[in-house]
Amino acid sequence: MSAYTAPSNNYPPDPALHLALRDAAGPQNDQLAAQHGLTVAQPYHYNVQPSQQSPYDNSPSNGHPGNVQHQGAPGPAPPPVASASASASASASASGEGQRANRLRKACDSCSIRKVKCDESGPPCRACLALEIPCTFERPSRRRGPPNRHAEAIKKRKLESPSAASPTSSPNNVAATLASFSSHAVLNAESICPFPTLELLVNDFFTYIHPLAPFPHEPSFRDAFVSREDLKNPSFLALLASMVGVLVASFPRRPRLHLKAQHREHLFPTSISLVERCHKVAVEARGAGYLDKELSVYDAVTSYFLGLAAAYTFQPRQCRLYFGETLNISRALGTHKFKKDPGFLSTRNTSVPFGEAGAYGGQAQPVDYIRQEIGRRVFWIMIVGVRSLQQLGATFGELVIPPPTPSEPYPPLPLEVDDEYIYVDHVDPQPAGLISKLTGFNLGIQIYMSLDPLATMELAYGIDEVFDWNRQKRILEECLRQVKHVLDNVPRELMLTPGSEPGQFKSPDRPYLPSMADYPSVRFNGREMGHWPQEDPEVRRRLQYEIQKANIYASQLGTRSYIVEKYWNLQEAHERETSRGDSHTSPGPTASGLDNMLPKSTTYGESEINVADEREIIVKDLLRVLGSISQINMEPNGGSFINKIRQIASTLIDSPQNRKGPLALKSEEYLARFLDVLMKLERTNPSLNGENGHLQDAEEEELRNWADLREHQMRFLQSGGFLNDG
Numbered sequence: 001m002s003a004y005t006a007p008s009n010n011y012p013p014d015p016a017l018h019l020a021l022r023d024a025a026g027p028q029n030d031q032l033a034a035q036h037g038l039t040v041a042q043p044y045h046y047n048v049q050p051s052q053q054s055p056y057d058n059s060p061s062n063g064h065p066g067n068v069q070h071q072g073a074p075g076p077a078p079p080p081v082a083s084a085s086a087s088a089s090a091s092a093s094a095s096g097e098g099q100r101a102n103r104l105r106k107a108c109d110s111c112s113i114r115k116v117k118c119d120e121s122g123p124p125c126r127a128c129l130a131l132e133i134p135c136t137f138e139r140p141s142r143r144r145g146p147p148n149r150h151a152e153a154i155k156k157r158k159l160e161s162p163s164a165a166s167p168t169s170s171p172n173n174v175a176a177t178l179a180s181f182s183s184h185a186v187l188n189a190e191s192i193c194p195f196p197t198l199e200l201l202v203n204d205f206f207t208y209i210h211p212l213a214p215f216p217h218e219p220s221f222r223d224a225f226v227s228r229e230d231l232k233n234p235s236f237l238a239l240l241a242s243m244v245g246v247l248v249a250s251f252p253r254r255p256r257l258h259l260k261a262q263h264r265e266h267l268f269p270t271s272i273s274l275v276e277r278c279h280k281v282a283v284e285a286r287g288a289g290y291l292d293k294e295l296s297v298y299d300a301v302t303s304y305f306l307g308l309a310a311a312y313t314f315q316p317r318q319c320r321l322y323f324g325e326t327l328n329i330s331r332a333l334g335t336h337k338f339k340k341d342p343g344f345l346s347t348r349n350t351s352v353p354f355g356e357a358g359a360y361g362g363q364a365q366p367v368d369y370i371r372q373e374i375g376r377r378v379f380w381i382m383i384v385g386v387r388s389l390q391q392l393g394a395t396f397g398e399l400v401i402p403p404p405t406p407s408e409p410y411p412p413l414p415l416e417v418d419d420e421y422i423y424v425d426h427v428d429p430q431p432a433g434l435i436s437k438l439t440g441f442n443l444g445i446q447i448y449m450s451l452d453p454l455a456t457m458e459l460a461y462g463i464d465e466v467f468d469w470n471r472q473k474r475i476l477e478e479c480l481r482q483v484k485h486v487l488d489n490v491p492r493e494l495m496l497t498p499g500s501e502p503g504q505f506k507s508p509d510r511p512y513l514p515s516m517a518d519y520p521s522v523r524f525n526g527r528e529m530g531h532w533p534q535e536d537p538e539v540r541r542r543l544q545y546e547i548q549k550a551n552i553y554a555s556q557l558g559t560r561s562y563i564v565e566k567y568w569n570l571q572e573a574h575e576r577e578t579s580r581g582d583s584h585t586s587p588g589p590t591a592s593g594l595d596n597m598l599p600k601s602t603t604y605g606e607s608e609i610n611v612a613d614e615r616e617i618i619v620k621d622l623l624r625v626l627g628s629i630s631q632i633n634m635e636p637n638g639g640s641f642i643n644k645i646r647q648i649a650s651t652l653i654d655s656p657q658n659r660k661g662p663l664a665l666k667s668e669e670y671l672a673r674f675l676d677v678l679m680k681l682e683r684t685n686p687s688l689n690g691e692n693g694h695l696q697d698a699e700e701e702e703l704r705n706w707a708d709l710r711e712h713q714m715r716f717l718q719s720g721g722f723l724n725d726g
């Protein structure tokens with residue numbers, strides 16, 4: 001038997017059948033009428049004319065007798081039976097009548113608006129035909145009765161969260177698939193947050209984050225932002241969302257200040273909610289298969305910012321994935337190669353902005369200096385990021401960057417020229433006497449490049465493996481010497497200016513958290529933004545120098561501490577092997593290649609004394625750094641600065657007694673100061689009793705609660721932190 005069910009017969013009954021029934025029942029009906037004086041209802045008669053009434057009306061056709069009378073007067077005669085020609089015409093139109101009978105009653109749009117009865121003979125209906133207007137049925141049907149509270153609540157949440165994830169689509173759910181496609185098409189910058197707030201966040205990004213991660217190109221990005229490139233270029237929107245996300249993740253107080261000033265703090269109850277919103281917008285703007293499209297350096301920038309925001313919000317796996325993607329895109333574009341001739345970065349159409357699809361001509365075109373410099377900056381910041389993670393104990397196979405070799409050297413360092421002097425077809429020189437922001441960026445690169453000999457040794461022989469202690473000791477001593485000499489010729493703008501007392505924060509030049517009274521014009525009608533006071537460019541540049549100082553000196557101290565710990569760990573391993581009679585004193589044939597990375601002459605005794613004393617020197621220098629840089633200039637460095645301080649603090653606490661010098665008795669005092677710095681920067685002050693620990697006011701407490709990351713910190717620690725390679 002077939003599974004297909006035949007459609008039911010919707011045709012009306014044959015009129016001849018009704019005629020036969022009427023003739024058979026006629027004498028009986030007449031007799032009953034004569035006995036009781038009543039008119040008996042006649043059986044159903046088929047009307048050959050098209051019905052103009054609703055199938056749900058109380059008419060004889062619905063089974064309700066319309067001619068039953070309770071009086072003794074005789075009723076009217078039944079209507080005459082249709083002729084044969086009428087029966088034939090009814091049979092011919094039966095199919096059309098059956099189809100209209102299946103349709104629910106709904107007036108056309110015009111009749112519904114004018115609130116007149118629609119004959120439903122069309123479309124077009126008679127009224128629309130007479131008025132010569134379109135007869136359409138496009139108006140949505142409205143549900144009768146009071147609104148459904150549950151449905152209204154869901155709709156309200158969707159309106160408040162425009163970037164919420166679209167329904168999961170599948171081959172069997174075409175409507176959901178089309179809805180997901182349409183949701184991607186309506187994304188724009190306001191999917192992140194209101195545009196007046198977004199303008200302030202973009203300004204904050206270039207003030208606080210751009211000195212540490214100098215991309216994208218500021219003038220061209222601002223031009224594209226003002227011209228609303230986000231409305232027509234999804235790659236630009238993804239880049240914008242990633243920039244805002246990393247700003248909020250690293251410096252959450254500033255976005256909260258703007259939201260509160262504009263009475264929009266209800267949009268994002270916590271900083272994490274805004275970071276997650278930015279991540280969703282970036283992912284949806286990129287869309288599926290974005291790696292299959294033609295890539296640009298701005299795709300690598302977007303991936304880097306997404307990974308950095310994940311690192312600052314304690315999501316190590318997501319951080320690894322995005323950093324690995326950044327590295328792969330950079331390698332695919334050839335930014336890791338040293339080339340004097342135009343390379344992959346210049347084979348694109350240079351007039352296409354921010355990763356928009358362009359033609360690949362396959363032939364060399366004039367060098368795009370903007371993309372060339374952005375590509376180099378992305379490559380070098382990945383070098384810095386990977387080695388910084390290694391100092392924290394993380395080892396990721398997908399993030400291994402081989403040291404430079406004569407056959408595969410690294411690209412040149414970025415030009416020490418600010419963005420406003422770099423154009424597509426040429427680069428103007430940096431004005432004399434004006435230190436570029438790239439100077440501080442390159443100093444950070446040189447700090448981590450001092451570890452090249454150590455990176456080569458560990459890549460060839462393994463991490464913490466003793467194979468030739470004498471050579472390994474010389475390698476570590478040379479790395480320590482190089483990293484200490486990086487800051488010998490620091491420009492005056494990047495030098496430390498110590499505070500009044502060692503280990504104490506100096507008074508900031510401006511309030512750390514300005515109150516709303518300081519900015520009376522930021523509230524306009526309780527909603528929109530008024531005029532935000534713009535800082536002087538010179539003041540802004542000095543602030544950016546201070547932010548770079550915190551990063552440079554903390555990176556140098558962290559690298560020195562890392563080398564010292566590596567030195568003592570290898571020495572202890574060598575002493576254990578020597579005590580067991582398993583010493584590696586004979587140099588191997590491959591180990592002799594490390595001698596090329598060392599100077600020809602070295603005073604071993606003096607170097608060994610320096611390494612032994614380096615721990616206490618690091619502690620003194622760290623207190624000097626903390627006394628020279630205010631908290632507001634440390635915080636934009638995000639979790640990077642916190643982890644470096646924690647690393648040095650653990651070096652001081654966990655050191656054995658035989659390694660401690662005269663400052664060992666003061667370790668508790670140092671530890672207390674370190675913890676105070678950590679609590680200030682991590683926004684998790686547990687006490688209100690200490691002099692430096694009390695909260696200034698209710699607004700400060702609210703900002704701390706909004707920027708609190710304790711839940712993510714606990715989840716991060718439970719997963720094993722960066723040491724978990726799973």
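Quick note: the sequence shown uses the UniProt record's numbering, first residue 1, plus one each step. Note that beta-carbon positions come from the ideal geometry of N, C-alpha and C, so glycine has one too.
Cα atoms of L399 and L327: separation of roughly 8 Å, rounded to the nearest angstrom.
V427 has I422 as its beta-bridge partners, per DSSP.
Per DSSP, reduced to three states, the secondary structure at F206 is helical. Going by C-alpha positions, R540 is about 45 Å away from Q472. Here D428 is exposed, its C-beta having fewer than 16 other C-beta atoms within 10 Å. When the beta-carbon positions are compared, F251 and Y290 stay at least 8 Å from each other. Between V611 and E477, the beta carbon gap of about 6 Å places them in contact (Cβ cut-off 8 Å). L459 is classed as exposed because its beta carbon has fewer than 16 other beta carbons within 10 Å across all chains shown. Taking 8 Å as the cut-off, the Cβ atoms of I648 and K549 do not count as close. The criterion of a C-beta distance shorter than 8 Å is satisfied by L237 and A285. With contacts defined by Cβ atoms closer than 8 Å, V244 and C278 form a contacting pair.
K337 has its alpha-carbon roughly 6 Å from the corresponding atom of P411. Here the alpha carbons of Q430 and E325 stand approximately 33 Å from one another. Rounded to whole angstroms, the Cβ separation of V483 and R387 is 12 Å, and the two are not in contact under 8 Å. Unbroken alpha helix (DSSP H) stretches of 4 residues or longer found wholly inside the segment 367–444: 369–391, given in chain order.
Per DSSP, C125 lies in no alpha helix (DSSP H) segment and is marked neither H nor E. The segment 381–395 and the segment 188–204 do not touch, with fewer than three beta-carbon pairs separated by less than 8 Å.
With fewer than 16 other Cβ atoms inside 10 Å of its own Cβ, R580 counts as exposed. Looking only at C125, N148 and L494, the smallest Cα-Cα distance to F137 is reached by C125. Taking 8 Å as the cut-off, the beta carbon of S271 is found closer than this to the beta carbon of R256. With a cut-off of 8 Å on Cβ pairs, the segment 462–470 is not in contact with the segment 430–441, counting fewer than three such pairs.
Rounded to the nearest whole angstrom, the C-alpha separation of H217 and L267 is 30 Å. Per the C-alpha coordinates, the member of L198, A213 and H150 positioned closest to K437 is A213. With respect to R615, V564 sits close: the two C-beta atoms are nearer than 8 Å. Rounded to the nearest whole angstrom, the CA to CA distance from M457 to K156 is 60 Å.
I370 is a Cβ neighbour of V424, given a cutoff of 8 Å. In terms of CA proximity to S220, I422 leads the group T578, I422, P409 and I552.
The beta-carbon separation of C479 and L443, rounded to 17 Å, does not stay under the 8 Å limit for a contact. Cβ-Cβ separation between S112 and I133: approximately 13 Å, too far for a contact (criterion under 8 Å).
Annotation: Y298 to F305 spans about 11 Å, alpha carbon to alpha carbon. For E614, the three-state secondary structure derived from DSSP is helix. Within a 10 Å sphere around the beta-carbon of I463 sit fewer than 16 other beta-carbons, which makes this residue exposed. By the CB criterion at 8 Å, P414 and R376 fall inside the cutoff. In the three-state scheme derived from DSSP, where H, G and I count as helix and E and B as strand, V283 is classed as helix. Less than 8 Å separates the beta-carbon of N188 from that of L231.
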